[in-house]
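Numbering (my numbering), first residue to last: 1 to 283.
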């Protein structure tokens with residue numbers, strides 16, 4: 001038999017953004033919320049514990065990460081229904097943006113619990129704001145697949161995307177990702193590489209994908225830290241058409257001779273056949 005229904009007014013689940021580097025970016029409101037809730041659900045309790053200690057916040061922490069979120073979500077919702085207010089934070093930045101938490105938020109909302117955002121730092125938006133690329137329309141792709149084949153396939157599918165692309169990457173794969181982007185999008189596609197945003201060694205590099213690859217390859221320091229790549233969209237009409245033609249050609253060329261692949265890709269996408277025929281692997 002089910003237990004008795006919780007009585008009283010449910011609490012609130014506060015989704016709280018934390019700094020991505022500079023501790024001064026934790027707002028006064030965020031500090032007040034983190035002090036006032038019954039507990040804080042954190043992706044990494046050790047890392048979040050260091051942040052809380054810096055601000056003298058002693059609120060208990062509950063570990064909530066991708067491996068236990070499904071199991072814990074309903075238990076946390078029961079606490080909320082019983083009247084406790086809780087906070088959700090990630091390791092850094094805004095929760096749920098390439099971080100765990102959406103299952104808990106979904107479960108809370110389904111149970112009728114109020115969910116309230118406490119806005120703050122977000123690496124994707126921070127990078128976009130200083131990139132100098134079109135920001136009226138953009139698409140956030142988070143982290144690309146770690147495996148090379150899956151990453152290249154994803155990039156090929158994005159090659160005709162007309163909106164600005166915002167992508168996260170790690171230091172372990174930044175060189176390979178820039179190489180793969182040059183192949184999928186064309187090495188002359190404008191892009192910005194934002195590294196270690198708000199931290200001591202913050203750098204924001206711009207140029208073509210080829211320029212960024214050269215800069216990262218030449219300087220060991222530019223291969224360290226956390227990265228956001230902001231890439232100009234394919235644009236409209238002819239440029240997007242050619243990018244889509246390249247994508248379709250690459251798929252067809254795995255199974256058909258180059259001439260047939262170019263002919264079919266041109267018919268499917270409207271891209272110029274001559275621009276596709278004779279493309280070498282990696283172009």
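Backbone N, C-alpha and C fix where the C-beta goes; we use that ideal spot for every residue, glycine too.
Measure the C-alpha to C-alpha separation of residue 227 and residue 8 and round it to an integer number of angstroms. Here residue 227 corresponds to residue number 227 of the chain shown, with the count starting at 1. Here residue 8 corresponds to residue number 8 of the chain shown, with the count starting at 1. So the two alpha carbons sit approximately 46 angstroms from each other.
Mark residue 269 as exposed unless 16 or more other C-beta atoms lie within 10 angstroms of its C-beta, in which case mark it buried. As a working mapping, residue 269 is identified with position 269 in the chain shown. Buried.
With DSSP as the reference, please indicate the residues paired to residue 153 in a beta bridge. As a working mapping, residue 153 is identified with position 153 in the chain shown. The beta-bridge partner set that DSSP reports for residue 153 is empty.
Can you name, in chain order, every residue of its own chain whose Cβ lies under 7 angstroms from the Cβ of residue 217, other than the five neighbours on each side? In the chain shown, counting from the first residue as 1, residue 217 sits at position 217. Counting only Cβ-Cβ distances below 7 angstroms, and skipping sequence neighbours, we find 175.
Can you list, in chain order, the residues of its chain with a C-beta nearer than 8 angstroms to that of residue 129? Leave out the 5 residues immediately preceding and following it. The residue you call residue 129 lines up with position 129 of the chain shown. If we look at residue 129 and ignore the five residues flanking it on each side, its Cβ neighbours are 135.
Mind checking whether residue 242 and residue 271 have CB atoms under 8 angstroms apart? Position 242 of the chain shown, counted from the first residue, corresponds to residue 242. Position 271 of the chain shown, counted from the first residue, corresponds to residue 271. Cβ atoms of residue 242 and residue 271: closer than 8 angstroms.
Work out the CA separation of residue 17 and residue 160 for me, nearest whole Å. Taking the chain shown and counting its residues from 1, one reaches residue 160 at position 160. Taking the chain shown and counting its residues from 1, one reaches residue 17 at position 17. Going from the Cα of residue 160 to the Cα of residue 17 covers about 33 angstroms.
Residue 206 by DSSP, collapsed to three states: which one? Numbered from 1 along the chain shown, position 206 holds the residue referred to as residue 206. Strand.
Could you tell me whether any Cβ in chain D is nearer than 8 angstroms to the Cβ of residue 78? No chain D appears in this structure, which consists of one protein chain only.
What does DSSP give as the partner residue(s) for residue 112 in the beta ladder? As a position in the chain shown, residue 112 is number 112, starting the count at 1. Beta-bridge pairing links residue 112 to no other residue.
Assign residue 112 to buried or exposed, taking buried as 16 or more other Cβ atoms, counted over all protein chains shown, within 10 Å of its Cβ. Taking the chain shown and counting its residues from 1, the one referred to as residue 112 is at position 112. Its Cβ having fewer than 16 others within 10 Å, residue 112 is exposed.
Three-state class that DSSP yields for residue 244 in the structure shown: In the chain shown, the residue the question calls residue 244 occupies position 244. Helix, per DSSP.
Is the beta carbon of residue 118 less than 8 angstroms from the beta carbon of residue 37? Within the chain shown, residue 118 is the residue found at index 118, counting from 1. Within the chain shown, residue 37 is the residue found at index 37, counting from 1. No; because the gap between Cβ atoms is not below 8 angstroms, this pair is not in contact.
DSSP has residue 174 in a bridge; who is on the other side? By 1-based counting over the chain shown, the position of residue 174 is 174. The partner list for residue 174 (beta bridge, DSSP) is empty, contrary to what the question assumes.
DSSP beta-bridge partners for residue 190? In the chain shown, the residue the question calls residue 190 occupies position 190. Note: residue 190 sits in a beta bridge opposite 208.
Same chain, Cβ closer than 8 angstroms to residue 39, five either side skipped, listed in chain order: Position 39 of the chain shown holds residue 39. For residue 39, where only same-chain residues beyond five positions count, the Cβ hits under 8 angstroms are 59, 60, 61, 62, 79, 84, 86 and 87.
Taking 8 angstroms as the cut-off, does the region 38–55 touch the region 141–154 (at least 3 CB pairs, one atom from each stretch)? no
For residue 138, count neighbouring Cβ atoms within 10 angstroms of its own Cβ and tell me buried if that reaches 16, exposed if not. Translated into positions along the chain shown, residue 138 becomes position 138. Flag for residue 138 reads buried.
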